[in-house]
Amino acid sequence: MGRRQGFLLRWALPVVGIALAVAMLFWLYRNLDFTEFLNAVSTSEPAWLVVLVASILLEQLIRGWKWRQILFDLKPISSLRLFGAVLAGYGVTVLIPLGVSPLVRSWLIARLEGLRMASVLMTSAIERFLDGIVFALFAGFVVFAGRIPAVDGNVQTGLIVAGSLNLILFMGLLYVLFVGRSPLGRDEARLSRLIDWLAGKAGARFDGLRSAIRDGIIWPRDRSRQIGAVLASIAMK
0 MGRRQGFLLR
10 WALPVVGIAL
20 AVAMLFWLYR
30 NLDFTEFLNA
40 VSTSEPAWLV
50 VLVASILLEQ
60 LIRGWKWRQI
70 LFDLKPISSL
80 RLFGAVLAGY
90 GVTVLIPLGV
100 SPLVRSWLIA
110 RLEGLRMASV
120 LMTSAIERFL
130 DGIVFALFAG
140 FVVFAGRIPA
150 VDGNVQTGLI
160 VAGSLNLILF
170 MGLLYVLFVG
180 RSPLGRDEAR
190 LSRLIDWLAG
200 KAGARFDGLR
210 SAIRDGIIWP
220 RDRSRQIGAV
230 LASIAMK
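Listed below in structure tokens is the structure:
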């Protein structure tokens with residue numbers, strides 16, 4: 000029974016996963032006209048393509064550096080390694096636009112650095128929440144200090160509503176995340192019992208899930224890294 004289960008985990012499940020991913024890829028792009036796409040690329044201005052690629056790479060490099068600042072107290076990791084993981088997640092998202100980038104890059108870094116994926120995934124979530132807060136503040140700045148083009152509809156009101164909702168949502172998520180960290184250190188806490196129960200149902204691979212989640216809910220202790228993470232989010236906008 001153990002050998003059969005090992006075979007399923009090592010070979011059958013990955014094969015099924017790859018088959019499902021390929022099928023999903025074909026389904027998502029079933030209506031794409033590749034001939035038209037290639038024609039558009041071939042007739043475009045090469046200089047602008049270079050600028051586009053360079054800006055995408057620069058954005059992901061900054062994201063990797065920002066992630067390093069948040070991860071640092073968990074484990075100092077090279078910005079270039081994080082940049083590679085971010086690019087891998089970005090590439091998967093381009094192929095399969097289902098928001099799986101944080102999962103992919105967290106899994107890669109966890110495997111490469113010997114960390115628990117739950118810990119790395121928490122730092123990735125914090126990085127994304129920070130992005131959401133900065134975007135909301137940036138939208139507010141544009142509304143009150145920028146010049147909005149005159150178009151149909153009330154763009155200013157839309158930006159105010161979208162920015163306010165983003166700010167409330169992501170600040171709320173960060174608050175819940177860090178407030179929820181404290182109960183994870185107490186065995187008798189309801190949240191701790193729930194996570195332990197889920198981990199027990201999921202199998203031995205999820206042993207220590209609660210401590211892994213708690214370890215990943217961090218913010219840089221060093222002031223320069225705190226400022227660096229925020230400035231990196233601003234630079235990406």
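Residues in the sequence shown are numbered consecutively from 0, following numbering that gives the first Met the number 0. Built from N, CA and C at the ideal position, the CB exists for glycine as well. Everything numeric in this text was worked out from a predicted model, so none of it was measured.
Return helix, strand or coil for residue i, following the three-state DSSP convention.
i: Leu8; result: Bear in mind that a pLDDT of 49 at Leu8, under 50, signals an unreliable position, so the number given afterwards is only what the model happens to contain. Leu8 falls in the helix class under three-state DSSP.
i: Gly157; result: helix
i: Tyr28; result: coil
i: Ile216; result: coil
i: Glu58; result: helix
i: Met0; result: Confidence in Met0 is poor, its pLDDT being 46 and thus under 50, which makes the residue's placement unreliable; the coordinate value appears in the next sentence. Three-state result, Met0: coil.
i: Ile76; result: coil
i: Gln225; result: helix
i: Lys271; result: In the structure as shown, the chain starts at 0 and stops at 236, and residue 271 therefore has no counterpart that could be examined.
i: Phe71; result: coil
i: Arg209; result: helix
i: Gly162; result: helix
i: Ser63; result: Reading off the sequence, residue 63 comes out as Gly, not Ser. Three-state DSSP puts Gly63 in a helix.
i: Ala179; result: Per the sequence shown, the amino acid found at residue 179 is Gly instead of Ala. Coil at Gly179, not helix or strand.
In the DSSP assignment, the alpha helix (DSSP H) including residue i goes from what residue to what residue?
i: Phe205; result: Segment: none, Phe205 is in no alpha helix (DSSP H) and carries neither H nor E.
i: Gly199; result: 189-201
i: Thr34; result: 33-41
Do residue i and residue j have their C-beta atoms closer together than 8 angstroms?
i: Arg213; j: Gly184; result: yes
i: Gly83; j: Ser100; result: no
i: Ile216; j: Arg180; result: yes
i: Arg61; j: Ala203; result: Before going further, note that residue 61 is Ile rather than Arg in the sequence given. Going by C-beta atoms, Ile61 is not nearer than 8 angstroms to Ala203.
i: Ala128; j: Leu173; result: The sequence given here places Phe at residue 128; Ala does not occur at that position. For Phe128 and Leu173, yes; Cβs fall inside 8 angstroms.
i: Val178; j: Leu158; result: no
i: Ala198; j: Lys65; result: no
i: Ile167; j: Glu112; result: no
i: Leu114; j: Ile108; result: yes
Can you check which of these residues, the options, is closest to residue i by C-alpha distance?
i: Ala211; options: Ile125, Gln225, Leu73, Trp196; result: Leu73
i: Asp70; options: Ala234, Leu158, Gln225; result: Note on identity: in this sequence residue 70 is Leu, with Asp being the wrong assignment. Closest option to Leu70, Cα to Cα, is Gln225.
i: Arg67; options: Val93, Ser123, Leu111, Ser41; result: Ser123
i: Phe161; options: Phe177, Leu176, Phe137; result: Position check: residue 161 holds Ala in this sequence, whereas Phe was assumed. Measuring from the Cα of Ala161, the nearest candidate turns out to be Phe137.
i: Arg104; options: Met116, Lys65, Leu193; result: Met116
i: Ser163; options: Leu79, Glu44, Trp196, Ile132; result: Ile132
i: Val52; options: Phe33, Gly227, Leu86, Pro75; result: Leu86
i: Gly90; options: Phe205, Ile55, Leu120; result: Ile55
i: Arg209; options: Ile194, Leu31, Asn30, Val119; result: Ile194
i: Leu97; options: Ala228, Trp26, Lys65; result: Trp26
i: Asn165; options: Leu120, Leu57, Ala188, Asp130; result: Asp130
i: Gln59; options: Arg80, Phe169, Gly139; result: Arg80
i: Ser232; options: Gly171, Thr156, Glu187, Leu57; result: Leu57
i: Val93; options: Asp32, Tyr28, Thr34; result: Tyr28
i: Ala22; options: Ile95, Gly63, Thr42; result: Ile95
Exercise for the section: Return the chain-ordered ranges of every beta strand (DSSP E) run that is complete within the segment 94-144 and spans a minimum of 3 residues. Expected result: With a minimum length of 3 residues, no continuous beta strand (DSSP E) run stays inside the segment 94-144.
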